[in-house]
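Below is one structure, written out as C-alpha cells; the observations come after it.
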Amino acid sequence: MPPQHTYDAVIAGGGAAGLFCALTAGRRGRRVAVLERGERPGRKVIISGGGRCNFTNLNASAEHYLSANPDFPISALSRFTPADFIALVESHAIAYHEKELGQLFCDGTSQAVLDMLLAECAAVGVELLTSMDISAVAPEAGGWTVGTGTGAFHADALVLATGGLSIPKMGSTGFAYEVAREQGLEVVPTRAGLVPLTFPPDETAFFKALAGVSVPCAVTVGGRAYRHNLLCTHRGLSGPAMLQASNHWLPGQSISVDLAPGVDIVPRLEGTRSRAPRVSLGDALAGTLPRRFAEAFAAAYLPAGPLGRMGSRALEEAAALLHGWTLRPAGTEGYRTAEVTVGGVDTRGLSSRTMESCAPGLFCIGECVDVTGELGGYNFQWAWASAHAAGEAL
96 MPPQHTYDAV
106 IAGGGAAGLF
116 CALTAGRRGR
126 RVAVLERGER
136 PGRKVIISGG
146 GRCNFTNLNA
156 SAEHYLSANP
166 DFPISALSRF
176 TPADFIALVE
186 SHAIAYHEKE
196 LGQLFCDGTS
206 QAVLDMLLAE
216 CAAVGVELLT
226 SMDISAVAPE
236 AGGWTVGTGT
246 GAFHADALVL
256 ATGGLSIPKM
266 GSTGFAYEVA
276 REQGLEVVPT
286 RAGLVPLTFP
296 PDETAFFKAL
306 AGVSVPCAVT
316 VGGRAYRHNL
326 LCTHRGLSGP
336 AMLQASNHWL
346 PGQSISVDLA
356 PGVDIVPRLE
366 GTRSRAPRVS
376 LGDALAGTLP
386 RRFAEAFAAA
396 YLPAGPLGRM
406 GSRALEEAAA
416 LLHGWTLRPA
426 GTEGYRTAEV
436 TVGGVDTRGL
446 SSRTMESCAP
456 GLFCIGECVD
466 VTGELGGYNF
476 QWAWASAHAA
486 GEAL
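In this note's numbering, the protein residues as written are 96 to 489.
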C-alpha cells in the first residue's frame, strides 16, 4: 500500500528548531509537514526566559557553545546570525529589550515569538499536525517513510527536531537519539545541562538555611569561569553562575567559587578592624556579601571572635577562602529541571553546512545535536541557525 501522505520534507518535532526549519523550507516552495507529539507546538518556547523568551544573544559565536567538535557550530551560526532573527522579530512588531550580557527578551510574553513562528509557517503552507506519535522511521528508495497512528508519511527528507532529554514533562523522550543510532550515527553520551547542582547532606543543610539568597560571584570549573550570581536553594546551588558551571561539571570534579570577585578583602577587613575592633568577621563581611550569607558563611567557615583579636594572617586566610571557596557537588537535579541536554548526535556524522547526516536525506537540528550553548539565548540561536541551515538545504 502506498504512503497516505507525501511531502518534500517531514519534520519530527514542533518546537523552536522544527518550526523554524519548516518555515525556512516552506519559503523555498517545499511542501513540509511538521509532526508534533504533544497537543500543542512550541511548549518549551512558551516557558522560556521566565515566560518572556530569551530568543537570542547578540554575542552568539562558536566560543559560547560546548561540543566534542568545537568548530562545528561556526558555519551555521555565521550564516544565520542574531541580526537575522532580530529582523524577523521586528518585522512582526514584537517589542524586545536587552536585559544584560547581550540577552534579548520580549517586552511581553513568549507567546509573541511562538505566534510569529506559527504565522510564518502558515503563510508558506506548512502543515502542522499535533498529537502525532511516530511509531516507525524507515529509509526507502528516494526518501523516508514515517509511520504514525494516523497513517504513513513519505518524504524526500526527514528532519529530527525533537530536542533532547531536558524537562521530560514537556514531552522530551530522546527519540532523535534512537533514530540516529538506528541509522548508524553515533551519539555523544548525554547529561543534564544548565541545571542546578546538588551537594552532600551536610553542605545541603547550609544552603537550605539560606534558600532564596543570591550572591554575586565568579565560579570556575573544568577550566571555564563564569561571573554572575549563585542562588541558594533547598537542594543546593542554582542561579546563572551555577547553571553555566553545570554544563562543564563532571561527577567527582570540584568547583571553585570566588565570593568577592575583584574585591581586595584584606584592606577592607583591616580598615574595619581599626575602626571597630569588636566587630565579627560576619558583620565585617556584610558590606561585601549579603548579610544573611556573610553571617552564615563566617559561622561555618571562618574564625569566631572580634576582628581586634585577629592578626593579619587570619585575615589573609579568610580572604583566601572567600576568593577560593572549593565545593564538590554530589550531582545535579537532572533532566527534570535542566534547560538543555549536553551531548547528542555526534557532529562527525553531520554536515556543518546543511545538517544532513551520513544517512542521505536525514537531517538533525537543534538540541538533539551535540552542540550546547551557554545560558542567555545561545541555545535558541543555535536552534534558529541549525534549522535555517537544514531548511535551506531541503
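Idealized CB from N, CA, C, for every residue including glycine.
Note that the structure is a prediction, hence the values are computed from the model and not measured.
TODO: Put Asp378 into one of helix, strand or coil per three-state DSSP.
DONE: helix
- [ ] Please classify Thr432: does DSSP put it in a helix, a strand, or coil?
- [x] coil
Task: Through-space distance from Ala107 to Pro97, alpha-carbon basis - done: Any answer about Pro97 is weak, because its pLDDT of 44 lies below 50 and its placement is not dependable; what the coordinates show is given next. Taking the straight line from one Cα to the other gives about 21 Å.
TODO: Please name the residue or residues paired with Ile106 in a DSSP beta bridge.
DONE: Val129, Val254
Task: Endpoints, beta strand (DSSP E) assigned at Arg373 - done: Here Arg373 belongs to no beta strand (DSSP E), and DSSP marks it neither H nor E.
TODO: Check Asp353 in the structure and name its three-state DSSP category.
DONE: strand
Task: CB contact flag (Arg330, Pro291, <8 Å) - done: yes
Open item on the list: I'd like to know whether the C-beta atoms of Leu224 and Gly137 end up nearer to each other than 8 Å.
Closed with: no
Task: Identity of the residue in Gly259, Leu384, Ala163, Thr119 nearest Leu305 by Cα - done: Leu384
- [ ] Can you give me the start and stop residues for the beta strand (DSSP E) that Ala313 sits inside?
- [x] 309–316
Task: C-alpha gap between Arg286 and Gly429, whole angstroms - done: 8 Å
Open item on the list: Just to check my reading of the structure: Val219 and Gly121 have Cβ atoms closer than 8 Å, yes? What is that Cβ distance to the nearest angstrom?
Closed with: 3 Å
Open item on the list: Pull the bridge partners of Ala320 from the DSSP assignment, please.
Closed with: Thr315
Task: Neighbourhood of Cys201 by C-beta, 8 Å cutoff - its chain only, sequence neighbours within 5 removed - done: Gly144, Arg147, Cys148, Phe150, Ile189, Ala190, Tyr191, Ala207, Val208
TODO: Please confirm if the region 272–289 is in contact with the region 312–320, defined as three or more CB-CB distances below 8 Å between the two stretches.
DONE: no
Task: Cβ-based burial, Asp228 [other Cβ within 10 Å; buried from 16] - done: exposed
Open item on the list: Please state the DSSP three-state secondary structure of Gln198.
Closed with: strand
- [ ] Could you name each continuous beta strand (DSSP E) segment of 3 residues or more that falls completely within the region 380–448, going from the start of the chain to the end?
- [x] 420–422, 435–440
Open item on the list: Looking at the secondary structure, which residues open and close the beta strand (DSSP E) in which Glu235 lies?
Closed with: 229–235
Task: Range of the contiguous alpha helix (DSSP H) that encloses Ser494 - done: There is no way to answer for residue 494, as the model of the chain reaches only from 96 to 489.
- [ ] Measure the C-alpha to C-alpha separation of Asn474 and Glu185 and round it to an integer number of angstroms.
- [x] 20 Å
Open item on the list: Looking only at its chain, what residues have a beta carbon closer than 6 Å to the beta carbon of Ala355, apart from the 5 residues adjacent to it on each side?
Closed with: Thr383, Leu417
Task: When Val308, Val105, Lys194 are compared against Thr243, the one with the closest alpha-carbon - done: Val105
TODO: Compute the Euclidean distance between the alpha carbons of Leu397 and Thr328, then round it to the nearest angstrom.
DONE: 22 Å
Open item on the list: Rounded to the nearest angstrom, what separates Phe492 and Leu470 at their Cα positions?
Closed with: Since the first residue of the chain shown is 96 and the last is 489, residue 492 is not available in this structure.
Open item on the list: What does the alpha-carbon distance come out to for the pair Ile262 and Arg408?
Closed with: 48 Å
Open item on the list: Quick check on the burial criterion: 16 or more other C-beta atoms within 10 angstroms. Buried or exposed for His187?
Closed with: exposed
- [ ] Could you have a look at Glu281 and say whether DSSP puts it in helix, strand or coil?
- [x] coil
- [ ] Report buried or exposed for Cys459, applying the criterion of at least 16 other Cβ atoms within 10 angstroms of its Cβ.
- [x] buried
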